[in-house]
Amino acid sequence: PVLILLGPPGAGKGTQARMLEEKYALIQLSTGDLLRAAVATGTEAGQRAKAVMEAGDLVSDEIVIAILHDRLREPDCAKGVILDGFPRTTVQAEALDALLQTTGQQINAAISLEVEDAAMVDRISGRFTCGGCGEGYHDRFKPTAKPNTCDKCGSTEMKRRSDDNAETVELRLQAYHDQTAPLITYYENAGALNRIDAMGPIGKIASDLSAVVSKAT
Ligand code: AP5
Ligand code: ZN
11 PVLILLGPPG AGKGTQARML EEKYALIQLS TGDLLRAAVA TGTEAGQRAK
61 AVMEAGDLVS DEIVIAILHD RLREPDCAKG VILDGFPRTT VQAEALDALL
111 QTTGQQINAA ISLEVEDAAM VDRISGRFTC GGCGEGYHDR FKPTAKPNTC
161 DKCGSTEMKR RSDDNAETVE LRLQAYHDQT APLITYYENA GALNRIDAMG
211 PIGKIASDLS AVVSKAT
């Protein structure tokens with residue numbers, strides 16, 4: 011199966027994708043994570059993407075599609091993927107349709123996580139991630155059980171993202187509304203859209219999402 015998670019920065023795409031990955035034995039494919047890995051290893055694409063990401067802008071379609079394309083063709087993705095943060099423009103959505111035609115897969119559901127902009131700054135500014143296993147946390151909404159220690163792997167190396175400041179979050183939200191929100195209509199027209207209220211507690215959203223995924227796969 012191919013599932014798409016749509017939603018602005020901080021909507022909970024990563025949080026929910028990681029839970030779906032475990033529950034349905036799918037692969038979470040986050041273009042944000044793939045780009046951050048490219049920046050960290052200093053590949054050519056990473057060098058080009060770094061300043062754009064720090065400014066809260068979208069990386070070029072050309073770079074993102076190439077990265078996604080390579081990852082999607084790795085053998086583990088054959089069991090099914092959750093696309094987290096891709097597609098983000100109409101050009102990317104069309105490229106995905108073309109790519110899936112060549113692999114013989116199709117989109118089971120595009121799920122829009124619907125939230126209020128005003129809450130997103132709080133969600134993003136409290137976010138941190140385990141450097142050991144990648145589990146995501148939040149100072150207030152999802153704290154670790156022991157201070158500064160990952161519940162899952164015990165690592166004490168916690169990371170915060172350089173684009174998670176209030177100023178850049180506003181620009182990322184702007185990019186979402188200008189360039190990504192039109193995809194809601196794109197997938198509605200394709201008959202694949204499901205909307206989920208993503209303002210409630212993480213567990214409630216997870217069960218609403220599971221209901222959609224079970225029906226669609
Ligand atoms: P990316 O890494 O995709 O970031 P994003 O879309 O801005 O999304 P986030 O990761 O910030 O949020 P999320 O929805 O995953 O929320 P999370 O679950 O962490 O992209 C980064 C950059 O890369 C982009 O700006 C762009 O430059 C570039 N890029 C990436 N893909 C691209 C593409 N396709 N094309 C072009 N450029 C691209 O949750 C946030 C926090 O809230 C966490 O702390 C979590 O614990 C907490 N939380 C989650 N759910 C809830 C809840 N229900 N209640 C309370 N707290 C919650
Ligand atoms: Zn961990």
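The opening position of the sequence shown corresponds to residue 11 in the UniProt record's numbering, with each subsequent residue numbered one higher.
Note that CB positions come from ideal geometry on N, CA and C, so glycine has one too.
Own chain, CB closer than 7 Å to residue i, minus 5 neighbours either side, in chain order
i      : result
Gly142 : Cys160, Cys163, Ser165 and Glu167
Lys23  : Leu15, Gly17, Asp94, Gly95 and Leu123
Gln38  : Ala27, Arg28, Glu31, Ile92 and Asp94
Leu109 : His79 and Leu82
Classification of residue i by the beta-carbon crowding that lies within 10 angstroms, buried from 16 upward
i      : result
Ser172 : exposed
Asn158 : exposed
Asp174 : buried
Thr190 : buried
Gly95  : buried
Gly56  : buried
Glu145 : buried
Pro211 : exposed
Ala59  : buried
Arg137 : buried
Thr178 : buried
Thr195 : exposed
Ala155 : exposed
Ala50  : exposed
Thr25  : buried
Arg46  : buried
Ala76  : exposed
Thr139 : buried
Gln116 : exposed
Per DSSP, the bridge partner or partners of residue i
i      : result
Val91  : Val12 and Ile37
Leu123 : Ile206
Tyr147 : Phe138
Thr159 : Lys156
Ile117 : Val12
Start-to-end residues for the alpha helix (DSSP H) that takes in residue i
i      : result
Ser165 : That residue, Ser165, is in no alpha helix (DSSP H); it is neither H nor E in DSSP.
Gln102 : Thr100 to Thr113
Ala59  : Glu54 to Glu64
Val74  : Asp71 to Leu82
Ser172 : Counting along the chain, Ser172 falls outside any alpha helix (DSSP H), and DSSP gives it neither H nor E.
Leu68  : That residue, Leu68, is in no alpha helix (DSSP H); it is neither H nor E in DSSP.
The beta strand (DSSP E) enclosing residue i, as first and last residue numbers
i      : result
Asp207 : Leu203 to Asp207
Arg137 : Arg137 to Cys140
Tyr186 : It is not in any beta strand (DSSP E) - Tyr186 carries neither H nor E in the DSSP assignment.
Close Cβ partners of residue i (< 8 Å) along its chain, the five nearest in sequence each way excluded
i      : result
Asp218 : Ile206 and Asp207
Glu64  : Ser172, Asp173 and Thr178
For residue j and residue i, believed in contact at Cβ under 8 Å, the rounded distance
i      : j      : result
Pro18  : Leu203 : That belief does not hold up - the Cβ atoms of Pro18 and Leu203 are roughly 16 Å apart, past 8 Å.
Thr227 : Asn118 : 5 Å
Arg98  : Leu78  : So it is not a contact: roughly 11 Å between Cβ atoms.
Val131 : Met209 : With 8 Å as the limit, Val131 and Met209 do not qualify as a contact, their Cβ atoms being about 14 Å apart.
Chain-order list of residues whose beta-carbon lies under 6 Å from that of residue i (same chain, five-residue window excluded)
i      : result
Ala88  : none
Arg133 : Gly20
Cβ-heavy atom distance, residue i to the ligand SAH, below 8 Å
i      : result
Cys143 : For the ligand SAH, the structure offers nothing, since it holds only the ligand AP5 and the ligand ZN.
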